[in-house]
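Please read the structure below before turning to the comments.
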Amino acid sequence: MITPTPLMRLVAGVWGFKTLAVGVELGLFTRLAGGRTMTVEQAAAEFGLPDRPADLLLAASASLGLLEKAGDGYRNSELAEQFLVEGRPYYFGAQVRYSDLRTYLPWHRIGEALRTDRPLTWDPESQQSMFDTEDPQMLAQFWDAMFSTSSFTASALADAYDFSAHRRLLDVGGGAGAFPIEFCRRLPELRATVLDLPHVCVRARERIAEAGLTGRIDAVAGDFLADPALPDGHDVILLSMILHDWDEPTNRALLARCHAALPPGGAIVVCELLLNDDRTGPPEAALMGMNMLVETEGGRNYSGAEYAAWLTDAGFVDVRTVPFDAPGANGAVVARRA
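Per the working numbering, residue -8 is the first one in the sequence shown, and the count goes up by one each step.
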């Protein structure tokens, strides 16, 4: 018998997210790192909470698979231990913080975005893009969030696609360099270039230096939308979580510049949350498309078939889709310049 229970789960989705967000805000999972157990009384004392809220927070976190019951206390689940403890290689808390502080409240006005077809997190009349802001803290939060999401996504992509056939990678709009850092750690022969805006390159160089890869990964300032040509000298170009920010004409123009920048036999890798071909899911891709309504002027999530058609029209051959599972992407559309 059909019931409205699935609808109630959708209603409660925001409760789950906010429970996760407040746990990250308090540093709950970081405090429980390494197998530590915390009772309700200890949580109340450490976080300055009354007993009832402390009990509700721990119980709710356990219900979401973030904590596990251990005797009279709670400890991190494997999920929280791996991804919600600050300092872990694939720490995801920065994405949680950014979503909570930047996009959660604008999503309350999603009806306005539907009616006006305008973003809610920035003003197109006074800003050129969401990156045009005088708020350095917001930008830092954004790039930390992207690094947080991209690190594990890069690892999943590296498992799914063999980059060892390449010697020089160009990461277009590469942000703080999460993908090249992950790839170059795995492949000693690989060299890489991050192409992004000047202020982003500053952050990328910091991350690259922290990873001990300054000699192998460069950060080159540029605007991949405005520059007439992309840097040459690379045999593979990566577009990761880039094309969903823009409309079809913009994306087709960028793919044409990618084709021009590659040598014969060079490869392009488009890494995204891909919709299925009839545009009915999966939810992660479709809902990210809704988020593009909140955050961009023309962005949306596209299907693998759409990317394949654009790549073919740009002159690429041997187009194929490589599926995988990661927070920032569920697959990569790969092609080669003839």
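Positions of the beta carbon are idealized from the N, C-alpha and C atoms, including for glycine.
Can you tell which of the options has its C-alpha closest to the C-alpha of residue i?
i: Asp63; options: Ala320, Thr30, Gln73 and Val5; result: Thr30
i: His250; options: Ala195, Asp91 and Val308; result: Val308
i: Arg198; options: Ala12, Ala36 and Gly166; result: Gly166
i: Leu204; options: Arg176, Val193 and Val185; result: Arg176
i: Leu246; options: Tyr298, Asp268 and Glu201; result: Tyr298
i: Gly26; options: Leu266, Glu59 and Val313; result: Glu59
i: Gly256; options: Arg66, Leu178, Thr112 and Arg328; result: Arg328
i: His225; options: His157, Thr(-4), Pro127 and Ala300; result: His157
i: Leu178; options: Asp187, Ala149 and Leu186; result: Ala149
i: Ala24; options: Tyr293, Leu47, Arg43 and Tyr65; result: Tyr65
i: Leu130; options: Trp98, Ala34, Arg79 and Pro189; result: Pro189
i: Gly314; options: Tyr293, Asn282 and Glu263; result: Here residue 314 turns out to be Pro, not Gly, going by the sequence shown. That would be Glu263, whose Cα lies nearest to the Cα of Pro314.
i: Pro80; options: Ser141, Arg106 and Val163; result: Ser141
i: Asp187; options: Gly213, Glu180, Gly206 and Ile172; result: Gly213
i: Ala300; options: Gly290, Pro274 and Asp268; result: Asp268
i: Gly290; options: Arg270, Glu69, Thr241 and Val310; result: Thr241
i: Val227; options: Val185, Leu(-2) and Gln128; result: Val185
Are the CB atoms of residue i and residue j nearer to each other than 8 angstroms?
i: Gly168; j: Ile208; result: yes
i: Val15; j: Leu75; result: yes
i: Ala220; j: Ala258; result: no
i: Ala320; j: Thr144; result: yes
i: Leu161; j: Pro222; result: yes
i: Ala210; j: Cys192; result: yes
i: Ser139; j: Ala85; result: yes
i: Tyr89; j: Ala12; result: no
i: Ser231; j: Phe154; result: no
i: Val260; j: Leu234; result: no
i: Phe215; j: Gly164; result: yes
Counting only the same chain and skipping the five closest in sequence on each side, list residues whose C-beta sits under 7 angstroms from that of residue i.
i: Pro115; result: Arg109 and Glu288
i: Gly7; result: Leu55
i: Asp46; result: Val31
i: Met(-8); result: none
i: Gly4; result: none
i: Gly53; result: With the sequence shown as reference, residue 53 is identified as Ala, and Gly is not the correct amino acid for it. Cβ within range, chain order: Glu59, Lys60 and Tyr65.
i: Ser68; result: Gly56, Leu57, Leu58 and Glu59
i: Glu173; result: Ser142, Ala145, Ser146 and Ala149
i: Tyr152; result: Val260, Val313, Ala323 and Val325
Report, in whole angstroms, the separation of the C-beta atoms of residue i and residue j, which I expect to be a contact under 8 angstroms.
i: Thr94; j: Val285; result: 6 angstroms
i: Leu348; j: Ala326; result: No answer is possible for residue 348: the residues shown for the chain start at -8 and end at 329.
i: Arg182; j: Arg159; result: 5 angstroms
i: Ala61; j: Thr28; result: 5 angstroms
i: Leu92; j: Gln132; result: 6 angstroms
Give me, in chain order, the residues of the same chain whose beta-carbon lies closer than 8 angstroms to that of residue i; leave out the 5 immediate sequence neighbours on both sides.
i: Asp316; result: Ala147
i: Ala305; result: Arg243, Leu246, Ala247, Cys249 and His250
i: Glu77; result: Gly18, Thr21 and Gly84
i: Asn292; result: His235, Glu263, Leu264, Leu265, Leu266, Ala276, Ala277, Met279, Gly280 and Met283
i: Leu49; result: Met29, Val31, Ala34, Leu58 and Tyr65
i: Pro318; result: Phe83, Gln86, Thr140, Phe143 and Thr144
i: Leu331; result: Only positions -8 to 329 of the chain appear in this structure, which leaves residue 331 out of reach.
i: Glu180; result: Ser155 and Arg158
Can you list, in chain order, the residues of its chain with a C-beta nearer than 6 angstroms to that of residue i? Leave out the 5 residues immediately preceding and following it.
i: Arg194; result: Trp134 and Ala167
i: Ile101; result: none
i: Thr312; result: Gly295, Gly322 and Val324
i: Ala104; result: Leu111, Leu284 and Val285
i: Pro97; result: Leu111, Thr112 and Val285
Please confirm whether any heavy atom of the ligand ATP lies closer than 7 angstroms to the CB of residue i.
i: Phe74; result: This structure lacks the ligand ATP, and indeed carries no ligand of any kind.
Output the residue ranges of the beta strand (DSSP E) runs that lie fully inside the segment 164 to 228 and measure 3 residues or longer, sorted by chain position. Counting only runs that start and end inside the segment 164 to 228, the beta strand (DSSP E) elements of at least 3 residues fall at 182 to 187 and 208 to 212.
Which runs of the beta strand (DSSP E), 3 residues or longer, sit entirely within the segment 293 to 326? Taking only runs of at least 3 residues, the beta strand (DSSP E) segments lying wholly in the segment 293 to 326 are 307 to 314.
Which complete alpha helix (DSSP H) runs does the segment 106 to 167 hold, if anything under 4 residues is left out? The alpha helix (DSSP H) runs lying completely inside the segment 106 to 167 and spanning 4 residues or more are 127 to 151, given in chain order.
Runs of alpha helix (DSSP H) wholly within the segment 70 to 101 (minimum 4 residues, chain order): Under the rule that a run must span 4 or more residues, the alpha helix (DSSP H) segments found entirely inside the segment 70 to 101 read 84 to 89 and 95 to 98.
Mind listing, in chain order, the continuous beta strand (DSSP E) runs of no fewer than 3 residues lying wholly within the segment 229 to 276? If we require 3 residues or more, the beta strand (DSSP E) runs fully inside the segment 229 to 276 come out as 258 to 263.
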